[in-house]
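All remarks here apply to the structure that follows.
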Amino acid sequence: MSQSYASPGAPLGERDHAIDLALFGALGDLAMRKLFPALYHLDREGLMPESTRIMGLARQEHDVASFRQQVGGALRKRLKSSELEDSSFERFLNRLDYRQLDFSTEEGFEAIREWREGSKQPMVVYLSVAARIYGDICHHLQASGSLDEDSRVVVEKPIGYDLTSSEQINDAIGAVFPESRVYRIDHYLGKETVQNLIALRFANPLFGTQWNQNHISHVEITVAEKVGIEGRWGYFDDAGQLRDMVQNHLLQLLCLIAMDPPSNLDADAIRDEKVKVLKALKPFKGEALGRDVVRGQYIAGTSDGQAVPGYLEEEGANTQSQTETFVAMKTEVSNWRWAGVPFYLRTGKRMPEKLSQIVIHFRQQPHYIFDPDQRDIASNKLIIRLQPEEGIALQVLTKDSGLDKGMRLRPGPLHLDFNSAFPKSRIPDAYERLLLEVMKGQQYLFVRRDEVEHAWRWCDQLIAGWQSRETPPRRYPAGSWGPVASIAMITQDGRSWYEDY
Ligand SMILES: NC(=O)C1=CN([C@@H]2O[C@H](COP(=O)(O)OP(=O)(O)OC[C@H]3O[C@@H](n4cnc5c(N)ncnc54)[C@H](OP(=O)(O)O)[C@@H]3O)[C@@H](O)[C@H]2O)C=CC1
Ligand SMILES: O=C1O[C@H](COP(=O)(O)O)[C@@H](O)[C@H](O)[C@H]1O
């Protein structure tokens, strides 16, 4: 069943979307850093109905009091003191319950059925654990009679390691939950600016008419991370930056830029269009692999002026690893709208700053009448900044002011900075929005099974190409913008990565 993107429902705070949330992996990194703070904010802002209950589940021994204390400590560490009002804090902690459980065996799952007995609100099962145990948990929930026809499941990325493993995981989830009740998280879809992309593209005729190969010369998507591996070497080294970031976040951003207008704002209408883009992504063949893709791995360098170790010196590292911590590539969406328009993607760990942005470069005027020396700057750019400061800027050309300047052009932004444009509204974290949509039963911000699988199909052919070539990743110092080859890759087309704002 598809869900409406547009239907606003009743006013905030009055909607009937109370749930019983069973949070598997409640003591893990994601739960403590992201999920509990997001749930707390929803509660504090009056978006969590009174009867909502939250059950934490994990392997460690805790009673309810010590679990609440642990979550309370995590909230205090992560939230501003102005966000921690006593009444909201107490109310939120009082919603929490805890059961110690080993997810790999059925024993103990009846505790969830007992917790649910008599409850009239739907259960949301949030699997904040490694994907390899999603199937076991779903099976045990069903076998213990804990589910009903309204129960939903939320699963984290990455779903699998390649197409085959993702199909196995999706089959195991699908044996218990129909697709209409599966919420696959890609937290980039919950970011404020990503939401705005849909509004920008489909509510502004100005862009609607220009959004194709006749008017756009190329597109850049950069997701640069300042952090390194953050103690997740074991997970990351099996994955690498392509599986960790490109397969999901960057391809989702690319889909939202490249997709055709959906016929309406229903979840499936949007997802159908995204799937068409994924199917049209050009595979890398033959020499394109060496020419259009750059893999990198960071070596020791600096971050914020402090010395930091290289990837192979991180805690727990295997010193022979060839895993990439950086990828840059040039790809194309092979369809009528985008034929001949390169999409340049790059993402890496230990880059100089945290920066996620999309830059749409518009073509130059067909006939140019200004100073020939300024030809390079003479094009419009639309810059969509996801983080750190969310905003949208349209770079336009005006005349440089001053009597001595003649008809000199000057690029300048028409700039919408969300923080200054809407100073009273706090920009919510992606997980707040996603959790609220799960509570409401809206699927438009979640990834459908076929999207995940088409994305894997495309990544698998790239990884197979890498494996057949056996080329080691190129080194780049921590604190730099990646291997020089990634700059050469775009320069060979007479372009450069956009680094101003
Ligand atoms: N952390 C992040 O920033 C991100 C995480 N994700 C995804 O979110 C999910 C969770 O990640 P993360 O929080 O980092 O993982 P963690 O390993 O930090 O947390 C997992 C939690 O699940 C518990 N657990 C694992 N196996 C069992 C079991 N068999 N029985 C009972 N409890 C178990 C762990 O308990 P114990 O500590 O006892 O092992 C721990 O509480 C993963 O799918 C990950 O890929 C996605 C994006 C970002
Ligand atoms: O999913 C992941 O995302 C984070 C980056 O997320 P952001 O919201 O901070 O941009 C990344 O560090 C992590 O490796 C990856 O698993």
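Going left to right, the sequence shown walks through residues 585 to 1085 as my numbering numbers them.
Beta carbons: idealized from backbone N, C-alpha and C, even for Gly.
8 Å Cβ cutoff met for residue i and residue j
i	j	result
Gly774	Ala1014	yes
Gly1035	Val859	A small fix is needed here, since residue 1035 is Glu in this sequence, not Gly. Going by C-beta atoms, Glu1035 is nearer than 8 Å to Val859.
Gln705	Ala610	no
Val737	Val709	yes
Phe693	His724	yes
Tyr882	Ala1062	yes
Gln637	Asp686	The question names Gln, but residue 637 is Arg in the sequence shown. No, they are not a contact pair.
Gln1027	Tyr624	no
Glu690	Ser728	yes
Leu619	Ser712	yes
Ser750	Phe946	no
Gln825	Glu908	yes
Ser730	Arg765	no
Gly932	Glu1083	no
Ile743	Asn754	yes
Leu641	Arg683	yes
Trp1065	Met935	yes
Asp821	Asn902	yes
Leu929	Leu834	yes
Asp955	Glu973	no
Leu970	Leu978	no
Asn780	Ile942	no
Leu677	Gly656	yes
Pro1057	Gly818	no
Gln961	Leu993	Just to set this straight, residue 961 is Ile in the shown sequence, not Gln. Against a cut-off of 8 Å, the Cβ pair of Leu993 and Ile961 comes out as a contact.
Ser1070	Val878	yes
Leu873	Gly1049	yes
Trp699	Met616	no
Ala1087	Glu1016	Given a span of 585 to 1085 for the chain in the structure shown, any question on residue 1087 remains unanswerable.
Ala695	Cys722	no
Arg675	Arg855	no
Phe910	Tyr1060	yes
Asp680	Leu1020	The sequence shown places Leu at residue 680, not Asp. For Leu680 and Leu1020, no; Cβs fall outside 8 Å.
Leu981	Pro995	yes
Glu1054	Leu747	no
Asp720	Ser671	no
Glu776	Ile1011	yes
Glu898	Ile813	yes
Gln797	Val925	yes
Residue environment, residue i, which counts as buried when at least 16 other CB atoms sit within 10 Å
i	result
Trp922	buried
Gly900	exposed
Asn964	buried
Tyr772	buried
Pro1067	buried
Pro950	exposed
Ala1072	exposed
Asp600	exposed
Asp888	exposed
Glu740	buried
Leu596	Unreliable positioning characterises Leu596 in this predicted model, as indicated by a pLDDT of 43, which lies under 50. A coordinate reading is not provided.
Met585	Because the pLDDT of Met585 is 36, which lies under 50, any placement of that residue in the model is unreliable, and the number read from its coordinates should be weighed accordingly. Under this definition Met585 is an exposed residue.
Asn832	buried
Leu1046	buried
Thr793	exposed
Ala594	The predicted position of Ala594 is uncertain, since its pLDDT is 38 and thus under 50; no value can be drawn from it.
Gln904	exposed
Glu598	Low per-residue confidence applies at Glu598: pLDDT is 42, beneath 50, and the placement is therefore not dependable, though the value from the model is reported in the following sentence. So Glu598 ends up on the exposed side.
Met1023	buried
Ser940	buried
Pro846	buried
Ala1141	Residue 1141 is absent from the model: the chain starts at 585 and stops at 1085.
State whether the segment 790 to 810 contacts the segment 1073 to 1084, with contact taken as three or more CB pairs (one from each stretch) at a distance under 8 Å. yes
What beta strand (DSSP E) runs, 3 residues minimum, are completely inside the segment 864 to 905? 877 to 883, 885 to 887, 890 to 892
Report the start-end ranges of each beta strand (DSSP E) in the segment 595 to 666 that is 3 residues or longer and not cut off at the edges. 604 to 608, 637 to 642
Inter-stretch contact (C-beta, 8 Å, three-pair minimum) for the segment 1038 to 1049 and the segment 864 to 884: yes
Beta strand (DSSP E) runs contained entirely in the segment 974 to 1048, provided each spans 3 or more residues: 975 to 983, 993 to 1001
Could you give the uninterrupted runs of the alpha helix (DSSP H) lying entirely in the segment 663 to 727, keeping only those of 4 residues or more? 670 to 678, 694 to 700, 718 to 727
Identify every run of the alpha helix (DSSP H) within the segment 842 to 866, keeping only runs that are complete inside it and at least 4 residues long; order them along the chain. 851 to 864
Unbroken stretches of the alpha helix (DSSP H), 4 residues or longer, contained in the segment 748 to 815: 776 to 787, 789 to 792
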